[in-house]
Amino acid sequence: MISSKQEYLDILRTCLKNHDQVEDILLEYEQHLIDLLDEVCNCPCKTEKEAMHVVIERLGTPAEMAALYEEERTVTPARTKWIFFFVNFFFFAAGIILTVFYHSLSSPTVKQLWFFLTSIPFFLIFLYLFYWLLLGYEVGKEFGLGGKKLLKRTFYIALAPNLFLMVMVVFRIIPASVFAPLLTGEFTVICIISTILLYPISILGFRYGATKSI
13 MISSKQEYLD ILRTCLKNHD QVEDILLEYE QHLIDLLDEV CNCPCKTEKE
63 AMHVVIERLG TPAEMAALYE EERTVTPART KWIFFFVNFF FFAAGIILTV
113 FYHSLSSPTV KQLWFFLTSI PFFLIFLYLF YWLLLGYEVG KEFGLGGKKL
163 LKRTFYIALA PNLFLMVMVV FRIIPASVFA PLLTGEFTVI CIISTILLYP
213 ISILGFRYGA TKSI
């Protein structure tokens, strides 16, 4: 059983020996331990060993704390970037596949799904805007204000397929009739405006997420 603050910190140091910010983490936890011990030791009947038992119940063992920090290290910028890229690409590919199936198959299920989705275009736009708000929030929460460059890279990489398709439709390389009745001239303009708004919306989510990382 851990009987003192220093013993707790020594074990935590050993558990985090491969972490590049071990000293900063130890300083942070030393302050947590001091505060908690002061609170617990207000009861004069408790020895330091007994107080440490209460503190560990609240804070967790050194091994548990080290495991949390190791888990955080797996959330790398590259991993975050590619997760959001592939999620966005999944939406993009699903839309393309559904369009191809609608024009090449006579399946009633495909046609029903097509007409259902084309009947709720503004709801789909709202969901997509929310997705980018969530992207910004997650990057801000995981990486703080220093994650802004990551957000920009993620944004441009993830949005590339959408921009490519938009250019193909706007310049009529792909006929708009392929996406009828969804892609009217008015709806195309709304899509362009929504695309312009994606980055400001993701920045809004990022700034809110960054406040949660503090």
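Quick note: the sequence shown uses this note's numbering, first residue 13, plus one each step.
Don't be surprised by glycine CBs; every beta carbon is placed ideally from N, CA and C.
When secondary structure is reduced to three states using DSSP, Lys-29 falls in the coil class, being assigned neither helix nor strand.
A straight line joining the alpha-carbon of Ile-23 with that of Pro-74 spans about 6 angstroms. Around the C-beta of Ile-208, fewer than 16 other C-beta atoms lie within 10 Å, and the residue is accordingly described as exposed. Judged by their CB atoms, Thr-92 and Val-151 are nearer to each other than the 8 angstroms cut-off. C-alpha of Ala-170 to C-alpha of Gly-159: approximately 16 angstroms in a straight line. Residue burial annotation: Gly-197 is exposed, with fewer than 16 other C-beta atoms found within 10 angstroms of its C-beta. Contact annotation, Leu-145 with Gly-217: C-beta distance approximately 4 angstroms; criterion of less than 8 angstroms satisfied. Contact check between the stretch 47-54 and the stretch 94-108: fewer than three CB pairs, one atom from each, fall below 8 angstroms, which does not count as touching.
Counting along the chain, the unbroken alpha helix (DSSP H) around Val-67 starts and ends at 60-71. Leaving aside the five residues that flank Leu-157 on each side, the residues in its chain whose CB is nearer than 6 angstroms to its CB run, in chain order, Ala-222. For Asn-100, the enclosing alpha helix (DSSP H) covers residues 89-116.
For Arg-219, the CB contacts under 7 angstroms within the same chain, skipping 5 residues up- and downstream, are Gly-152 in chain order. Straight-line measurement puts the Cα of Thr-121 at about 35 angstroms from the Cα of Tyr-168.
Note on Gly-148: 16 or more other CB atoms within 10 angstroms of its CB, so buried under the neighbour-count rule. With respect to the 8 angstroms criterion, Val-181 and Ala-188 are classified as neighbours on the basis of their beta carbons. With a contact defined as Cβ atoms closer than 8 angstroms, Leu-80 and His-44 miss out at about 13 angstroms.
Per DSSP, reduced to three states, the secondary structure at Pro-193 is coil, with no helix or strand assignment. Here Ile-213 is buried, its C-beta having at least 16 other C-beta atoms within 10 Å. The three-state reading of DSSP puts Ile-186 in coil, since its state is none of H, G, I, E or B.
Taking Thr-111 as reference, the option from Ile-186, Leu-163 and Arg-25 with the minimal CA-CA separation is Ile-186.
For Asn-174, the secondary structure class from DSSP, reduced to helix, strand or coil, is helix. Excluding sequence positions up to five before and after Leu-117, its CB lies less than 8 angstroms from no other CB in the same chain.
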